[in-house]
Amino acid sequence: MTNKLKIVIAALAITVVAGSCFKKDDSITILDVGYANDMAYLKFINVYTALTPSAATPAAGPSVNVFINDVKINAAAVSYGGLFPAAPAYTAVQPALGTNIKVIISRATAPVAGDTLINKNYDLGANSYTTVYLTDSTPNPTPQSPYFLPFAEQISNAKVGYFKARFVNMIPSTDTLEVFSKRLNAVMFPGTRYKNASDMIEIPTFLLSDTLQLRKVSAPATILGTINGFTGTSARVYTVYCTGNITATPRARLLTSFTNR
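Take the sequence shown: its position 32, counting from 1, is numbered 27 in our numbering, and each next residue is one higher.
Right, dumping it as structure tokens:
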């Protein structure tokens, strides 16, 4: 059974890094997970599959910049498949009401009308962890309507000798997808619909690496994507997720993962 991805509404405030190596408009605190208490932690992932809107020629899909209270928080633009910041780090911000998040297409020139893809307020709360996906509208890609999907991560550290993991389906289609473990010879993450996540599971660490296979529940013999050499480290938490188009056009299917903590 899946847990519906949770849309979170309202705000957070930023902590600007004094003396950062970035320009002032590119600076914000980037912390490893668990570095500080009473902060809100954010991660951004661009999984928008359509090739437009884009400033590139030929079009390669929108690379974006993220702004919190009108301060740009990323140095390089976040392109398709990109994570900001790189795992396992999160962007740490101070919780506050009325904080604004904008996502704007990255151009060599100044933004033009229609480049702002999202402009909303969010409340993430102290000690919260949120992964925010730039994704397609329901359930199939629409070329000019990407939007933000904030996913509240209600997770805790795994026990020593175990790791935790969950699966997030970010392939826009009506298919229900699952992830099969070759090491366990069983389905690790059961059927999950687009924009949904499986339950968090906790299992013993493996002596040998695993091979994870993405497949349709309706056609398990067909492998849509693979993670080779997956190894869960003791006491760590992981997100396994898939991206691309179900037909592999224009975006190839990909099964991948990142470390939450």
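For each residue, glycine too, the CB sits at the ideal point set by N, CA and C.
Might you give, ordered along the chain, the residues of its own chain that have their beta carbon closer than 6 Å to the beta carbon of residue i, omitting 5 neighbours on each side?
| i | result |
| --- | --- |
| residue 75 | 41, 56 |
| residue 229 | 155, 156, 200 |
| residue 78 | 40 |
| residue 61 | 39, 68, 69, 98 |
| residue 21 | Reliability fails at residue 21, whose pLDDT of 38 lies under 50, so the model's placement of it is uncertain and no value is given. |
| residue 114 | 97 |
Starting from residue i, trace the beta strand (DSSP E) both ways and give me its first and last residue.
| i | result |
| --- | --- |
| residue 98 | 95 to 100 |
| residue 128 | 123 to 130 |
| residue 115 | 111 to 116 |
| residue 183 | 181 to 187 |
| residue 253 | 249 to 254 |
| residue 235 | 232 to 238 |
For residue i, which of the options has the nearest alpha-carbon?
| i | options | result |
| --- | --- | --- |
| residue 182 | 208, 123, 39, 37 | 208 |
| residue 58 | 169, 110, 83 | 110 |
| residue 213 | 169, 80, 161 | 169 |
| residue 82 | 231, 216, 217 | 231 |
| residue 35 | 100, 93, 118 | 118 |
| residue 46 | 90, 85, 100, 89 | 100 |
| residue 193 | 226, 150, 215, 180 | 150 |
| residue 184 | 89, 114, 246, 233 | 233 |
| residue 202 | 152, 158, 195, 64 | 158 |
| residue 43 | 246, 195, 226 | 246 |
| residue 195 | 104, 143, 153 | 153 |
| residue 160 | 130, 198, 129, 127 | 198 |
| residue 186 | 226, 113, 211 | 211 |
| residue 96 | 254, 116, 127, 120 | 116 |
| residue 128 | 244, 80, 226, 217 | 80 |
| residue 266 | 144, 142, 226, 105 | As displayed, the chain neither begins before -4 nor continues past 256, which places residue 266 out of reach and without an answer. |
| residue 88 | 144, 104, 37 | 37 |
| residue 112 | 254, 142, 256, 255 | 142 |
For residue i, which residues of its own chain have a beta-carbon under 7 Å away from its beta-carbon, when the five flanking residues on both sides are left out?
| i | result |
| --- | --- |
| residue 251 | 222, 236 |
| residue 296 | Because the chain in this structure spans residues -4 to 256, residue 296 falls outside the shown range and cannot be described. |
| residue 224 | 204 |
| residue 120 | 35, 90 |
| residue 244 | none |
Per DSSP, residue i is paired with what?
| i | result |
| --- | --- |
| residue 210 | 173, 218 |
| residue 147 | 125 |
| residue 67 | 62 |
| residue 37 | 86, 125 |
| residue 78 | 40 |
| residue 241 | Note: residue 241 sits in no beta bridge, so no partner. |
| residue 199 | 157 |
| residue 73 | 59 |
Excluding sequence positions up to five away, which residues of its chain have a Cβ less than 8 Å from the Cβ of residue i?
| i | result |
| --- | --- |
| residue 248 | 166, 209, 219, 220, 237, 238, 239, 240, 241 |
| residue 177 | 205, 206, 207, 208 |
| residue 72 | 58, 59, 60, 101 |
| residue 314 | Absent from the structure is residue 314, since the part of the chain shown begins at -4 and ends at 256. |
Any heavy atom of the ligand ADP closer than 8 Å to the beta-carbon of residue i?
| i | result |
| --- | --- |
| residue 226 | You won't find the ligand ADP in this model; it holds no ligand whatsoever. |
Are any of the Cβ atoms in chain C nearer than 9 Å to that of residue i?
| i | result |
| --- | --- |
| residue 156 | As a matter of chain content, chain C is missing from the structure shown, which is built from one protein chain. |
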